[in-house]
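Below is one structure; the comments refer to it alone.
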Amino acid sequence: MSESEVTVNIDGTDVDVAVGATILDACRAAGIDTPTICYADNLTAVNVCRACVVEVDGSRVLVPSCSRRAEPDMMIHTDSERVRHSRTMVLEFLGSGVDLSQADEIQRWMAHYGADPDRYQVEGVELETMAEEVRVQDRLYVRDYDKCVLCYRCVEACGDDAQHTYAISLAGRGYGTRISTEFDVTLPQSACVYCGNCVAVCPTNALQFTREFELRTAGEWRPEEQTVTRTVCSYCGVGCNLELHVQDNEIVKCTSPDDHSVTMGNLCIKGRFGYQYVNARPDAADR
Ligand code: SF4
Ligand code: SF4
Ligand code: FES
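Structural data, given as structure tokens:
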């Protein structure tokens with residue numbers, strides 16, 4: 002081990018990671034899959050979901066692996082009874098109040114831990130949920146806060162981590178908490194510049210392309226049949242990479258690879274939504 006590395010022990014195995022690496026980095030280096038919800042590789046960790054907690058010897062409480070730095074000789078446990086119990090309850094609490102039907106990754110972890118949100122159901126008592134109508138305010142993307150787990154990712158992407166627009170933030174308290182524009186104005190009235198970088202980082206599809214929403218509503222959303230073609234945006238010289246998702250010969254959404262060195266998954270409105278002219282046909286004039 003060099004001076005630029007630290008050694009930690011994870012589930013009985015020593016792992017060397019660079020100084021400054023997180024426990025999550027160390028888990029990944031050890032090949033240990035870890036649930037994360039609020040964390041994304043292209044965002045600053047905000048540490049709010051607690052899905053990623055691990056047990057560290059000497060620590061009174063479980064620690065969030067996404068933001069706690071690895072320290073020399075840490076003894077880390079990722080699959081203890083306490084860790085499994087805590088992760089399961091985090092997932093169950095989310096599932097009891099939020100529509101996770103399109104959150105594939107969270108559902109995978111719920112199945113892994115056997116999380117059962119229904120066990121919080123008390124006969125005769127209606128569980129409080131986010132209970133929110135879908136906000137369709139333009140042709141570009143919709144906001145369905147019934148699916149929102151308040152992970153802050155969109156706020157980070159709109160703010161310091163990517164766009165520096167600060168069009169959205171948290172408003173309200175308890176079940177009334179929502180991601181909101183200033184004074185809850187509609188998106189077209191807000192400071193939003195429609196980069197769609199919030200859509201790109203949302204883990205639950207609470208934010209999704211309007212076209213995807215329309216196709217899902219019609220029962221016509223078929224991701225297994227879609228092709229994804231990587232290309233370079235032609236609108237300006239920055240050179241952002243685009244991934245065009247095509248279904249039935251129509252571009253249905255546009256993403257950007259997180260690991261691309263130029264934009265790390267971020268785009269502007271032209272790259273993200275400016276493909277719609279390609280779809281213009283006499284039989285689909287309003288797309
Ligand atoms: S809208 Fe999506 S990204 Fe934003 S807080 Fe909710 S779940 Fe997270
Ligand atoms: S996405 Fe925007 S910034 Fe990137 S190349 Fe296209 S026009 Fe330029
Ligand atoms: S992923 Fe670590 S606290 Fe959310």
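No gaps in the numbering here: position 280 of the sequence shown is 281 in the numbering used here, and each next residue is one more.
Cβ atoms here follow ideal geometry from the backbone N, Cα and C, with glycine treated the same way.
A residue is called buried when at least 16 other Cβ atoms come within 10 angstroms of its Cβ; R109 does not meet this threshold and is exposed. Selection D34, M111 and R140 evaluated against T79 yields D34 as nearest (Cα-Cα). Annotated three-state conformation of M111 is helix, per DSSP.
In the pairwise beta carbon analysis, the segment 260-276 is classified as touching the segment 189-201: at least three pairs are separated by under 8 angstroms.
With the criterion CB distance below 5 angstroms from any heavy atom of ligand 2, the matching residues run C234, Y236, C237, V239, C241, L268, C269, K271 and G272 along the chain. L208 has its alpha-carbon roughly 18 angstroms from the corresponding atom of I252.
Rounded to the nearest angstrom, the Cβ distance from T178 to L151 is 6 angstroms, consistent with a contact under 8 angstroms.
Annotated as proximal: R51 and V91, with beta-carbon spacing under 7 angstroms. In this structure, S68 and A46 form a Cβ contact; the two beta carbons are roughly 4 angstroms apart against a cut-off of 8 angstroms.
Contact check for V49 against I77 fails: the beta carbons are separated by 7 angstroms or more. Boundaries of the alpha helix (DSSP H) harbouring H86: E82 to G98, taken from the DSSP string. DSSP places R144 inside the beta strand (DSSP E), whose first and last residues are Y142 to R144.
The segment 205-219 makes contact with the segment 240-260, as at least three CB pairs between them are under 8 angstroms. Here T205 carries a coil assignment [DSSP, helix/strand/coil].
In the same chain as D74, and ignoring 5 residues on each side of it, no C-beta atom comes closer than 6 angstroms to its own. Relative to the Cα of S102, the nearest Cα in the group F94, D260, K148 and G32 belongs to K148. The segment 214-229 makes no contact with the segment 160-167: fewer than 3 CB pairs, one atom from each, lie closer than 8 angstroms. The nearest non-hydrogen atom of ligand 1 is 6 angstroms or more from the C-beta of V200. Taking a C-beta distance under 7 angstroms as the contact criterion, E6 and A27 do not qualify as a contact pair.
Taking 6 angstroms as the cut-off, one finds at least one heavy atom of ligand 3 near enough to the beta carbon of P65.
Relative to ligand 3, even the nearest heavy atom lies 6 angstroms or more away from the CB of Y114. Under the DSSP assignment, D26 falls in the alpha helix (DSSP H) whose first and last residues are I24 to A30.
In the structure shown, D119 adopts helical secondary structure according to DSSP, grouped into three states.
With contacts defined by Cβ atoms closer than 7 angstroms, S191 and T205 do not form a contacting pair.
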